[in-house]
Amino acid sequence: MSLTGNWNYPTSIRFGVGRIAELAEVCRSQGILRPLLVTDSGLARAPITTATLDALRADGLAVALFCDLKPNPVEANLAGGLDAWRAGKHDGVIAFGGGSGLDMGKLIAFMSGQTRPVWDFEDIGDYWTRADESRIAPIIAVPTTAGTGSEVGRAAVIIDEASHTKRIIFHPKMMPRVVISDPAMTVGMPAKVTAGTGMDALAHCLEAYCAPGFHPMADGIAVEGMRLVTNALVRAVHTPSDLDARGQMLAAAAMGATAFQKGLGGMHALAHPIGALYDTHHGMTNATLMPYVLKFNRPAIEERITRLAAYLRLPSPGFDSFLAFVLKLRKDIGVPHSLFELGVDDKQADLIADMAVVDPSAGGNPLPMTRAGAAEIFDAAFHGRL
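The opening position of the sequence shown corresponds to residue 959 in the working numbering, with each subsequent residue numbered one higher.
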């Protein structure tokens, strides 16, 4: 079966190998003639990026590049992007890359016409209604990693350096209008990045599936997304040119980000402060935390995980079978077993617990995320104790 399709959930997605060739036509369809392509500094020099820029220019589009981004973007990166937007008199954004490039591209397009500071649009209550949505620039997203799913999301993450916290900025119109989802664009990912981003996709699906509340559409998407990860992630890590595996992982990433409108949980609630304080890779942090959060939540999710294990056709379906699957998957693709092995110390354990309980993701945890619970998970994950 050919992994090619045109999807309209939750936005317009052009999926399939080689579809990056349609980018100029997509820009024109959205009225974009002077796009600002936003990506990270490492990817800016990659052949896929230079080839994309050359193709857009050959088609007559006045494209420029902005790539002054940290792996975990900060407000100064946004300010630089907005300066580039104004200097080039751009009329749309191509958000290109992994989570940092996608999120920053969306933020630049969102903030390009706003007069209030970015923190006024944090994902709290109805803060998003403060924005002038008529002045949000059009966004086209091109993911080059299979993890965050930010290409189909209505939010972006940025670090507030004053408080060392990751903040989520939200607006419905931050959703890219069109996504070019081309598995060939992900082939160049190093094995470690493939592993970390792939585990992020799994974490999104898993936490969405386990989040309380009635949302069968999100649950169905999450379960099938996890089946794709089960089938493809190890292949994608160890056989980078396997386009079938790359395609399945790219689809799973978009599915995870679609599903987590239902909620996330303890993995993300802890990964956000850890990433902000230690600059760790977000997906790899989620992957390291995953079994410890699962064990903590076991009383609330055992029946649900048993159903999931049966769907994934794991041996002797049950919670223990799924936990064993997660541990083996992590080992097979090189995920650290403990936060200590990830490069995190325990000197700020109390602060991390304090930050985790107020993180927006904490509200989706199957069990109440108390400070004591967050501290318990961190301690177990730091020492690698299950």
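Don't be surprised by glycine CBs; every beta carbon is placed ideally from N, CA and C.
Note that the coordinates shown come from a computational prediction; the quantities given were computed from them, not determined experimentally.
Looking at the structure shown, is residue i part of a helix, part of a strand, or coil, going by DSSP?
i	result
Asp1061	helix
Phe1079	helix
Phe1128	strand
Glu1199	Residue identity check: residue 1199 is Ser in the sequence provided, not Glu. Residue state, collapsed to three classes: coil.
Val1302	coil
Ser1139	strand
Thr1106	coil
Gly1324	It is worth fixing the name first, because residue 1324 is Pro in this sequence and not Gly. In the structure shown, Pro1324 sits in coil (DSSP, three-state: anything other than H, G, I, E or B).
Ile990	coil
His1281	Correcting the residue identity first, residue 1281 is Leu in this sequence and not His. Correct three-state label for Leu1281: helix.
Lys1220	coil
Ala1089	coil
Arg1271	coil
Pro1249	helix
Thr1264	helix
Ile1094	coil
Gly1292	coil
Phe1172	coil
Ser1070	coil
Leu1344	coil
Pro1257	helix
Met1133	coil
Asp1337	helix
Asp1237	coil
Gly1146	coil
With distances taken from CA atoms, which of the options is nearest residue i?
i	options	result
Pro1257	Glu1091, Ile1291, Met1313 and Leu1325	Leu1325
Lys1289	Asp1317, Gly1154 and Pro1170	Gly1154
Val1145	Ala1311, Pro1170, Gly1111 and Ala1104	Ala1104
Thr1246	Gly1342, Pro1148 and Met1175	Gly1342
Lys1220	Met1143, Gly1331, Met1175 and Ala1013	Met1175
Phe1079	Ile1116, Leu1344, Gly1046 and Gly1059	Ile1116
Val1195	Gly1063, Val1151, Gly989 and Ala1166	Val1151
Pro1364	Val1251, Ala1149, Ala1009 and Ala1209	The chain is shown only over 959 to 1344; residue 1364 falls outside these bounds and no answer can be derived.
Glu1334	Pro1273, Glu1260, Lys1253 and Pro1318	Lys1253
Gly1111	Met1133, Ser1121 and Ala1120	Met1133
Ala1002	Trp1043, Pro1031 and Gly1059	Gly1059
Ala1114	Asp1237, Ala1227, His1129 and Gly1205	His1129
Ala1159	Ala1120, Ala1142, Leu1222 and Trp1086	Leu1222
Val1302	Asp1237, Ala1282 and Met1313	Asp1237
Asp1157	Pro1198, His1239 and Trp1086	This sequence places Met at residue 1157; Asp is not what is there. Ranking the options by Cα distance to Met1157, first place goes to His1239.
Val1187	Ala1203, Ser1199 and Arg992	Ala1203
Val1136	Ser970, Arg1125 and Arg1088	Ser970
Ser1139	Asn966, His1173, Gly1039 and Glu1033	Asn966
Phe1054	Thr1264, Ser1070, His1173 and Ile1006	Ile1006
Phe1298	Lys1131, Phe1340 and Gly1321	Phe1340
Gly1241	Asp1084, Gly1050, Ile1291 and Arg1265	Ile1291
Leu1344	Ser1296, Pro1273 and Ala1190	Ser1296
Leu1070	Arg1044, Tyr1085 and Gly1083	Leu is not the amino acid found at residue 1070; the sequence shown has Ser there. Ser1070 has its Cα closest to that of Arg1044, out of Arg1044, Tyr1085 and Gly1083.
Thr1073	Asp1337, Arg1088 and Asp1200	Arg1088
Lys1124	Ala1215, Leu1036 and Asn1030	Asn1030
So if DSSP puts residue i in a beta bridge, which residue, or which two residues, is it bridged to?
i	result
Thr1123	Asp1118
Leu995	Leu1023 and Ile1052
Asp1032	Looking at the sequence provided, one finds Val at residue 1032 rather than Asp. Ile1117, per the DSSP bridge assignment.
Pro1101	Gly1055
Asn964	Arg972
Just checking my contact of residue i with residue j at CB under 8 Å: how many whole Å lie between their CB atoms?
i	j	result
Val1284	Pro1249	5 Å
Leu1287	Pro1294	In fact, because the Cβ distance is near 13 Å, the residues do not count as touching under 8 Å.
His1048	Ala1016	With a Cβ gap of about 19 Å, His1048 and Ala1016 do not count as contacting.
Met1213	Ile1179	5 Å
Val1316	Thr1328	Incorrect: roughly 12 Å between the Cβ atoms, too far for contact.
Val1100	Ile1052	6 Å
Asp1090	Ile1127	Going by Cβ atoms, the distance from Asp1090 to Ile1127 rounds to 15 Å, so no, they are not a contact pair.
Arg1262	Cys1168	6 Å
Phe1218	Glu1165	7 Å
Leu1019	Ser999	Their Cβ separation, rounded to whole angstroms, is 22 Å, which puts Leu1019 and Ser999 out of contact at 8 Å.
Gly974	Leu961	6 Å
Ser1092	Asp1061	So it is not a contact: roughly 22 Å between Cβ atoms.
Ala1332	Leu1228	6 Å
Gly1057	Thr1106	4 Å
Gly1039	Val996	6 Å
Met1143	Ile978	6 Å
Leu1270	Arg1185	6 Å
Phe1014	Leu981	For the sequence presented, residue 1014 should be read as Leu rather than Phe. The Cβ separation is near 7 Å, so the contact holds.
Asn1323	Asn1255	7 Å
Phe1068	Ala1042	About 15 Å separates the two Cβ atoms, so there is no contact after all.
Phe1336	Ala1320	The pair is not a contact, with the Cβ atoms about 13 Å apart (cut-off 8 Å).
Pro1415	Leu1201	What is shown of the chain runs 959 to 1344, which leaves residue 1415 out entirely.
Sorry if obvious, but does the Cβ on residue i come closer than 7 Å to a heavy atom of the ligand HEM?
i	result
Pro1257	Only the bare structure without any ligand can be found here, which leaves the ligand HEM out of the picture.
Is it a yes or a no for the stretch 1090-1102 touching the stretch 972-991, going by three-plus beta-carbon pairs under 8 Å? yes
So, do the stretch 1230-1237 and the stretch 1266-1279 have three or more beta carbon pairs nearer to each other than 8 Å? no
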